[in-house]
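*Asks:* Structure provided below as structure tokens; questions to follow.
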Amino acid sequence: MKHILSIYNTLSRKKEVFEPINPPHVGMYVCGPTVYGDAHLGHARPGITFDIVFRYLKHLGYKVRYVRNITDVGHLVDDADEGEDKVQKKAQLEKLEPMEVVKYFSDRYHKNMEQLNALPPSIEPTASGHIIEQIELVKKILENGYAYESEGSLYFDVEKYNKAHHYGKLSGRKIDELMQNTRELAGQEEKRNSFDFALWKKADPTHVMHWPSPWSEGYPGWHLECSAMGAKYLGETFDIHGGGMDLLFPHHESEIAQSNAATGHDPVKYWMHNNMITINGQKMGKSLNNFITLNEFFTGTHEALDRAYPPMVIRFFILQAHYRSTLDFSTDALKAAEKGMRKLFDAFRLLSGLKPAQTSSLDVKSLEEKCYEAMDDDFNTPIVIANLFELTRLINLVNDGKESLTQDDIDLTKDFFSTLLFDILGLIDEPEKDDSKLIDYLMDTILTIRGEAKARKDYATSDKIRDELAKLNIEIKDTKDGAKWNFIK
RNA sequence: GGUACCGUGGCCGAGUGGCUAGGCAGUGGUCUGCAAAACCACGUACAGCGGUUCGAAUCCGCUCGGUACCUCCA
Numbered sequence: 028m029k030h031i032l033s034i035y036n037t038l039s040r041k042k043e044v045f046e047p048i049n050p051p052h053v054g055m056y057v058c059g060p061t062v063y064g065d066a067h068l069g070h071a072r073p074g075i076t077f078d079i080v081f082r083y084l085k086h087l088g089y090k091v092r093y094v095r096n097i098t099d100v101g102h103l104v105d106d107a108d109e110g111e112d113k114v115q116k117k118a119q120l121e122k123l124e125p126m127e128v129v130k131y132f133s134d135r136y137h138k139n140m141e142q143l144n145a146l147p148p149s150i151e152p153t154a155s156g157h158i159i160e161q162i163e164l165v166k167k168i169l170e171n172g173y174a175y176e177s178e179g180s181l182y183f184d185v186e187k188y189n190k191a192h193h194y195g196k197l198s199g200r201k202i203d204e205l206m207q208n209t210r211e212l213a214g215q216e217e218k219r220n221s222f223d224f225a226l227w228k229k230a231d232p233t234h235v236m237h238w239p240s241p242w243s244e245g246y247p248g249w250h251l252e253c254s255a256m257g258a259k260y261l262g263e264t265f266d267i268h269g270g271g272m273d274l275l276f277p278h279h280e281s282e283i284a285q286s287n288a289a290t291g292h293d294p295v296k297y298w299m300h301n302n303m304i305t306i307n308g309q310k311m312g313k314s315l316n317n318f319i320t321l322n323e324f325f326t327g328t329h330e331a332l333d334r335a336y337p338p339m340v341i342r343f344f345i346l347q348a349h350y351r352s353t354l355d356f357s358t359d360a361l362k363a364a365e366k367g368m369r370k371l372f373d374a375f376r377l378l379s380g381l382k383p384a385q386t387s388s389l390d391v392k393s394l395e396e397k398c399y400e401a402m403d404d405d406f407n408t409p410i411v412i413a414n415l416f417e418l419t420r421l422i423n424l425v426n427d428g429k430e431s432l433t434q435d436d437i438d439l440t441k442d443f444f445s446t447l448l449f450d451i452l453g454l455i456d457e458p459e460k461d462d463s464k465l466i467d468y469l470m471d472t473i474l475t476i477r478g479e480a481k482a483r484k485d486y487a488t489s490d491k492i493r494d495e496l497a498k499l500n501i502e503i504k505d506t507k508d509g510a511k512w513n514f515i516k
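516 is the number that the working numbering gives the last residue of the first sequence; the numbers go up by one with no jumps.
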């Protein structure tokens, strides 16, 4: 099957046919988390969205290098805090080294991504590990005249840059409008224009994380790490840069500016942005304090949740919406996703037991084509899933003896169903395991039945139950308080 | 205030001019000892108002409602 993959490019605001710069190689950079807290549902979205992109590009035969950074330097706690580093603040609160905080939350993030069955990226660079590269990038920008020094800090000269390039071409902003919207804020005296952004910040004496540089003891500006590390591992121009829509401006806009200022050309061919997950119609976010962490979903420990929801339910829930749409969370929506997903898995299992017929009364091949068409159309996973539900209906019809498939068609169906469901969508059919609880319920049920048998003096049945359980190393003891049971070692 | 986006049946959510999206929930039916599962049938949903068109959820305008980003800092 010939694939013409189209991807919505934020830069052009339309779908474009995907043509890698150096086929069969594809370079993809995705903005990863700032590790100062547990990942929440919002973090799962880019994790899963770009996992799908990664999986599908590989499926199409591309050799993909997927780079996802870990931001471990320099983020502030929130808008109200002045000059306080998120990682640093967390470290001070917990009386830990900043790198202990980073390690702790990085590990937990990795665990969560693994639970969601998101494949690990090819390279996962950290900002703190690339200070030299960032300093070199600042030097280039400075040499090319797009940066200025002020009080030991370096800022990007947006106004000057905009004379040669268009600052705002990604987010659709115009510098005149930025001018007009300038607010009077404290701590801006160092900058020529309020919209200039920091390339290097001089650390104040209380700042824990700082490095030497030609300009001051300090730390790199936030936008820098992605420009520096993207160029290092994927080249000055690479294929795909992804991230959440909330990073569009100013982060990605500034990345484009930095790269142009340093190299004279754009860094990225296709910009992809996933939309936000909302809760009660509002963005789920750290600053709004309305987030539910992934661990809370998996254990059911958040007050908004009635029970635990396995990672695959979260994954399926996210895949049922297109990545560029907002997705509204509710437990009802999650439950609906869970039931639907189970239905798909049930149908897939049925395939193996289907009785083959001499002729096929159904056309399963066309469904496969529809699934691929949907994937090729900007990774439209909800359409893929809708087609898989149609396939599920057909499988059930065959199972009910109302339609028929030949062995060849059954094999073909099994093959493409599994490719789509497991390889491309990345779902895993894992039965929920909470054995201890399950066994308790089962034993209660069995002992109740045995008790009823004994009550009507049906000792044949009650003894049979005891003997059969004994074979499983389960011992039953009739006590004054009723029957008890335990495992025999 | 600026910029962008959105408003689809009870819920979630596809869909950029004419063709049933889909899932969950609900109702009726088939099947079944009962139940579950499965299958079949059923909802004449596209915020409101106007316009373009033979024809609009889909294009245009206005109104209402909602969301995100807005240059400190990150």
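Where is the CB? At the ideal position from N, CA and C, for every residue including glycine.
(1) Does the beta-carbon of D2 have 16 or more other beta-carbons within 10 angstroms, so that it is buried, or is it exposed?
(2) Within a Cβ cutoff of 8 Å, which residues of the same chain sit near W512, ignoring the five residues on either side of it in sequence?
(3) Straight-line CA distance for H137 to S240?
(4) With a CB to CB cut of under 6 Å and the five nearest residues on each side skipped, what residues in its chain are close to D231?
(5) Taking 8 Å as the cut-off, does the region 308–316 touch the region 38–55 (at least 3 CB pairs, one atom from each stretch)?
(6) With a CB to CB cut of under 7 Å and the five nearest residues on each side skipped, what residues in its chain are close to S133?
(7) Return the chain-ordered list of same chain residues with a C-beta closer than 6 Å to the C-beta of Y350, the five sequence neighbours on each side being excluded.
(8) Measuring alpha carbon to alpha carbon, tell me which residue in G69, L32, K29, Y56 is nearest F344.
(9) Keeping to the same chain, check which residues put their C-beta closer than 8 Å to that of A360; ignore five residues upstream and five downstream.
(10) Residues bridged to P247 by DSSP?
(11) Can at least three beta-carbon pairs, one atom from the region 169–183 and one from the region 286–300, be found at a separation below 8 Å?
(12) By DSSP, does V44 sit in helix, in strand, or in coil?
(13) Restricting to Cα atoms, I'd like to know which of L205, F183, D203, I79 is closest to P148.
(14) Let me check one thing: in DSSP terms, what residues is Y182 bridge-paired to?
(15) Out of L275, W238, K229, which has the shortest C-alpha to C-alpha gap to H250?
(16) Could you give the distance in angstroms between the alpha-carbon of H192 and the alpha-carbon of L205?
(17) I need the boundaries of the beta strand (DSSP E) containing L354, first residue and last residue.
(18) Going by beta-carbon coordinates alone, are I34 and I267 separated by less than 9 Å?
(19) Starting from the N-terminal side, write out each stretch of the beta strand (DSSP E) that is 3 residues or longer and does not extend beyond the region 246–320.
(20) Tell me whether S39 sits in a helix, a strand or coil according to DSSP, three-state version.
(21) Give the straight-line distance between the Cα atoms of P73 and R477, rounded to the nearest whole angstrom.
(22) Can you look up V62 in the DSSP assignment and give me helix, strand or coil?
(23) P338: which of L346, E330, F325, A331 sits nearest, CA to CA?
(24) May I have the straight-line CA-CA distance separating D355 from E176, to the nearest angstrom?
(25) Sort out for me which residues DSSP pairs V411 with in a bridge.
*Replies:* Walking through what the data contain:
(1) In the structure as shown, the chain starts at 28 and stops at 516, and residue 2 therefore has no counterpart that could be examined.
(2) Contacts found: M470, L474, L496, I501, E502, I503, K504.
(3) 32 Å
(4) none
(5) Flag = no, the region 38–55 and the region 308–316 do not touch.
(6) Here S133 has V62, I97 as same chain residues with Cβ atoms under 7 Å from its own Cβ, once five neighbours each way along the sequence are excluded.
(7) T76, N301
(8) Residue G69 holds the alpha-carbon nearest to the alpha-carbon of F344 among G69, L32, K29, Y56.
(9) For A360, where only same-chain residues beyond five positions count, the Cβ hits under 8 Å are F344.
(10) W227
(11) yes
(12) Strand.
(13) The candidate whose alpha carbon is nearest that of P148 is I79.
(14) Y175, A225
(15) The residue from L275, W238, K229 with its alpha-carbon nearest to that of H250 is L275.
(16) 15 Å
(17) Counting along the chain, the beta strand (DSSP E) containing L354 begins and ends at 354–356.
(18) yes
(19) 265–271, 295–301, 304–306
(20) DSSP places S39 in coil when its eight states are reduced to three.
(21) 53 Å
(22) coil
(23) Minimum Cα distance to P338 is reached at F325.
(24) 45 Å
(25) Its beta-bridge partners do not exist; DSSP assigns none.
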